[in-house]
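Q:
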Amino acid sequence: MSELRDKLLYKPKHGLDRVSEAEQAEMEAYSKAYMSFLDNGKTERDCVDTAIALAEAKGFAPYVPGMDLAPGKKVYVNNRGKGIMLAVIGKQPLSEGAHIGAAHTDAPRLDLKPNPLYEDTELAYFKTHHYGGIRKYQWVTVPLELHGVVVKADGETVKITIGDKPEDPQFIINDLLPHLGREQSKKPLGEAIPSESLNILIGTAPLKDDDGSDRVKLAVLAYLHDIYGITEEDFISAELEAVPAAKARELGFDRSLIGAYGHDDRVCAYAELHALLELDVPEKTAVCIFADKEEIGSEGVSGMMSEAFDYFMESMCRTQGVDLRTCYSKSFCLSADVTAAYDPNFPEVYEKRNSAYVNYGVGLCKYTGSGGKGGASDASAEVVGYVRNLLNANGVIWQMAELGKTDAGGGGTVAKFMAQRNIDTLDAGVPVLSMHAPYETVAKLDCYMTYRCMKAIFEDAR
Numbered sequence: 003m004s005e006l007r008d009k010l011l012y013k014p015k016h017g018l019d020r021v022s023e024a025e026q027a028e029m030e031a032y033s034k035a036y037m038s039f040l041d042n043g044k045t046e047r048d049c050v051d052t053a054i055a056l057a058e059a060k061g062f063a064p065y066v067p068g069m070d071l072a073p074g075k076k077v078y079v080n081n082r083g084k085g086i087m088l089a090v091i092g093k094q095p096l097s098e099g100a101h102i103g104a105a106h107t108d109a110p111r112l113d114l115k116p117n118p119l120y121e122d123t124e125l126a127y128f129k130t131h132h133y134g135g136i137r138k139y140q141w142v143t144v145p146l147e148l149h150g151v152v153v154k155a156d157g158e159t160v161k162i163t164i165g166d167k168p169e170d171p172q173f174i175i176n177d178l179l180p181h182l183g184r185e186q187s188k189k190p191l192g193e194a195i196p197s198e199s200l201n202i203l204i205g206t207a208p209l210k211d212d213d214g215s216d217r218v219k220l221a222v223l224a225y226l227h228d229i230y231g232i233t234e235e236d237f238i239s240a241e242l243e244a245v246p247a248a249k250a251r252e253l254g255f256d257r258s259l260i261g262a263y264g265h266d267d268r269v270c271a272y273a274e275l276h277a278l279l280e281l282d283v284p285e286k287t288a289v290c291i292f293a294d295k296e297e298i299g300s301e302g303v304s305g306m307m308s309e310a311f312d313y314f315m316e317s318m319c320r321t322q323g324v325d326l327r328t329c330y331s332k333s334f335c336l337s338a339d340v341t342a343a344y345d346p347n348f349p350e351v352y353e354k355r356n357s358a359y360v361n362y363g364v365g366l367c368k369y370t371g372s373g374g375k376g377g378a379s380d381a382s383a384e385v386v387g388y389v390r391n392l393l394n395a396n397g398v399i400w401q402m403a404e405l406g407k408t409d410a411g412g413g414g415t416v417a418k419f420m421a422q423r424n425i426d427t428l429d430a431g432v433p434v435l436s437m438h439a440p441y442e443t444v445a446k447l448d449c450y451m452t453y454r455c456m457k458a459i460f461e462d463a464r
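The opening position of the sequence shown corresponds to residue 3 in the working numbering, with each subsequent residue numbered one higher.
Listed below in structure tokens is the structure:
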């Protein structure tokens, strides 16, 4: 009877009970490299810069339309500094399709408004506009860094990074003290901290030897002008992001977890990048995408709805005399995005039989969306079967996952935009605790297995 149980019943096992000592050592090395990537990639621009440095060290070169694309050629396209597409040309022509990994590297954050700087009661602040789905109460009293670029009146672009070095100042958003917070505490979580109160405290010292108004604001501007040569008007043509200042750290007595800002979705982006950089000459062309703007709908020229990806693929296809639509119709894409990990502190929003669990491997999501699968691409049984069998054949630990109970909410990925291109697509990624919080948590094993998943797909000949 026990043999019949083993044959017929589906019983996932804890991943750490299934890995060898050699795999455990590889997992630890991979985790350290990933943590370094996180610390260097606090924004989508930083992720692109880091990816280019890693790729060029492995022999990748900027793609030029019409260039020779012999098997094994390694190329990349920098999409306006906010997204990147990399490819390793395969032995088979693009008429046989490509294997694609699509992740995003934007993350929830606080963007500065176009006219952000003001003074009130001799305190200087930046006004912000939150980006993506955040729980606003989580962002007060959290140390913040400032990253981004400012395009000055003369056209010069100045890169700004403040707060990531030990000697740098950091920034903060104030909260109301509990002694005076009686009425605030009565409000729902979503209303206790209004968006317009997410103002970052940036200075208190007034400019000396000045008798005018806004002396603290003027002192801040004097500092920025001295260091970066910018004026208040230059904020209008700036992209400055406030992000949590914490570094990636191992969590737990057993160090089995990684805590950091931006796991969603840099944990999957790094997995596909690391897998791509290890390729020599794959059977099919392997493509890695770092997309932008996923957290706000994948819009814009650097988002997955942009034709930037199509231009890149069509240009490569043209070099081989291949029709783009033919390539897409025979391609496969893993939409590499995170899923929600079951949290026993909030069991009311999870459906236990169909949730992803920490340390049970990469989570495969047949569909995302909300309610009645609204906004989902809903992969076919054949696509799920292909990935399931491929991962089993390569010893990759995996699990099936849904994003909580049907009526509890929902979410989306770039999968539907790849499916619109007639590319078979399945969502897969790392289960995350505290998703979209300033500090998220993932398991090392799940990170490592997501990389192994991407590696298996890139190396597959089908």
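Glycine is no exception: its CB is placed at the ideal position from the N, C-alpha and C atoms. Here the structure is a predicted model, which is why all the values come from computation and not from measurement.
Within the continuous alpha helix (DSSP H) that includes Gly387, where are the two ends?
A: On the sequence shown, position 385 is the one that residue 387 refers to. Looking at the DSSP string, the run of the alpha helix (DSSP H) that includes Gly387 is Ala383 to Ala395.
Q: Using the rule of at least 16 other Cβ atoms within 10 Å of the residue's Cβ for burial, across every protein chain shown, is Ala276 buried or exposed?
A: Against the sequence shown, residue 276 aligns to sequence position 274. Per the sequence shown, residue 276 should be read as His rather than Ala. Classification of His276: buried, given that the 10 Å Cβ count is 16 or more.
Q: Count the other CB atoms within 10 Å of the CB of Thr443; is the residue buried (16 or more) or exposed (fewer)?
A: Reading the sequence shown from its first residue, position 441 is the one you call residue 443. Classification for Thr443: buried.
Q: Using a threshold of 7 Å, state whether the C-beta atoms of Val245 and Ala126 are closer than that.
A: Here residue 245 refers to the residue found at position 243 when the sequence shown is read from its first residue. Here residue 126 refers to the residue found at position 124 when the sequence shown is read from its first residue. No; because the gap between Cβ atoms is not below 7 Å, this pair is not in contact.
Q: Note down, in chain order, each residue of its chain lying with its Cβ closer than 7 Å to the Cβ of Tyr116, except the 5 sequence neighbours on either side.
A: If you number the sequence shown from 1, residue 116 lands on position 114. Strictly speaking, residue 116 in this sequence is Pro, with Tyr absent from that position. Phe237 and Ile238.
Q: Specify, as a first and last residue, the run of the beta strand (DSSP E) that Val153 falls within.
A: By one-based count along the sequence shown, residue 153 stands at place 151. Unbroken beta strand (DSSP E) run through Val153: Leu146 to Val153.
Q: Distance check for His131 and Leu178, CA to CA, integer angstroms please.
A: Translated into positions along the sequence shown, residue 178 becomes position 176. Translated into positions along the sequence shown, residue 131 becomes position 129. C-alpha separation (whole angstroms): 20 Å.
Q: For a test of the three-state rule: what should DSSP assign to Arg20, helix, strand or coil?
A: Residue numbering aside, residue 20 sits at position 18 when the sequence shown is read from its first letter. The answer is coil: DSSP assigns Arg20 none of H, G, I, E or B.
Q: Only counting runs of 4 or more residues, tell me where the alpha helix (DSSP H) segments fall wholly within the region 162-201, in order along the chain.
A: 184-187 and 191-194
Q: Quick one: give me the first and last residue of the alpha helix (DSSP H) that Glu58 is part of.
A: Taking the sequence shown and counting its residues from 1, one reaches residue 58 at position 56. Per DSSP, Glu58 belongs to the alpha helix (DSSP H) from Glu46 to Ala59.
Q: Below 7 Å between beta carbons: does that hold for Ile204 and Phe173?
A: Looking up residue 204 in the sequence shown gives position 202. Looking up residue 173 in the sequence shown gives position 171. Yes, these two residues count as a Cβ contact at 7 Å.
Q: Does DSSP put Gln26 in a helix, a strand or coil?
A: Residue mapping note: residue 26 aligns to position 24 of the sequence shown, counting from 1. In this structure, Gln26 counts as helix in the three-state DSSP scheme.
Q: Using the Cβ count rule (16 or more neighbours within 10 Å means buried), how would you classify Ile229?
A: For this step, residue 229 is matched to residue 227 along the sequence shown. Exposed is the call here.
Q: In this structure, how does DSSP classify Ser33 when only helix, strand and coil are distinguished?
A: By 1-based counting over the sequence shown, the position of residue 33 is 31. In the three-state DSSP reduction, Ser33 falls in the helix class (H, G or I).
Q: Can you give the beta carbon distance from Ile160 to Ile232, rounded, assuming they're within the 8 Å contact cut?
A: Here residue 160 refers to the residue found at position 158 of the sequence shown. Here residue 232 refers to the residue found at position 230 of the sequence shown. Reading off the sequence, residue 160 comes out as Val, not Ile. Yes, they are in contact, since the Cβ atoms of Val160 and Ile232 sit about 6 Å apart, within 8 Å.
Q: Does the separation of the CB atoms of Gly103 and Glu243 fall below 7 Å?
A: Taking the sequence shown and counting its residues from 1, the one referred to as residue 103 is at position 101. Taking the sequence shown and counting its residues from 1, the one referred to as residue 243 is at position 241. With contacts defined by Cβ atoms closer than 7 Å, Gly103 and Glu243 do not form a contacting pair.
Q: So Glu241 is in the beta strand (DSSP E); what residue range does that whole segment cover?
A: The residue labelled residue 241 in the question sits at position 239 within the sequence shown. Start and end: Ala240 to Pro246.
Q: In angstroms with no decimal places, state the Cα-to-Cα distance between Arg184 and Ile136.
A: Here the question's residue 184 lines up with position 182 in the sequence shown. Here the question's residue 136 lines up with position 134 in the sequence shown. Those two C-alpha atoms are separated by around 24 Å.
Q: Helix, strand or coil for Asp448? Go by DSSP, reduced to three states.
A: By one-based count along the sequence shown, residue 448 stands at place 446. In this structure, Asp448 counts as helix in the three-state DSSP scheme.
Q: List, from N- to C-terminal side, the beta strand (DSSP E) runs of 3 residues or more that fit wholly inside the region 347-379.
A: 364-367
Q: State yes or no: is the C-beta of Lys76 nearer than 6 Å to some heavy atom of the ligand GDP?
A: With respect to the ligand GDP, the structure shown offers nothing to examine, as it has no ligands at all.
Q: How many angstroms separate the CA atom of His149 from the CA atom of Ile164?
A: Residue numbering aside, residue 149 sits at position 147 when the sequence shown is read from its first letter. Residue numbering aside, residue 164 sits at position 162 when the sequence shown is read from its first letter. Cα-Cα distance, rounded: 7 Å.
Q: Looking at the unbroken alpha helix (DSSP H) that takes in Lys9, where does it start and where does it end?
A: By 1-based counting over the sequence shown, the position of residue 9 is 7. Element bounds for Lys9: Ser4 to Leu10.
Q: Sorted by chain position, which residues of the same chain lie with C-beta nearer than 6 Å to Met402's C-beta, five sequence neighbours on each side aside?
A: Counting from 1 along the sequence shown, the entry for residue 402 is found at position 400. So the list reads Leu366, once near-sequence residues are dropped.
Q: If you measure between the beta carbons of Val416 and Ala250, is that distance less than 7 Å?
A: Locating residue 416 in the sequence shown gives position 414, where the first residue counts as 1. Locating residue 250 in the sequence shown gives position 248, where the first residue counts as 1. Their beta carbons are not under 7 Å apart, which means Val416 does not touch Ala250 by this criterion.
Q: When the Cβ atoms of the region 73-82 are set against those of the region 404-414, are three or more pairs found closer than 8 Å?
A: no
Q: Which partner residues does Thr427 have in the DSSP bridge list?
A: Sequence index remark: in the sequence shown, residue 427 carries index 425 (1-based). Per DSSP, Cys335.
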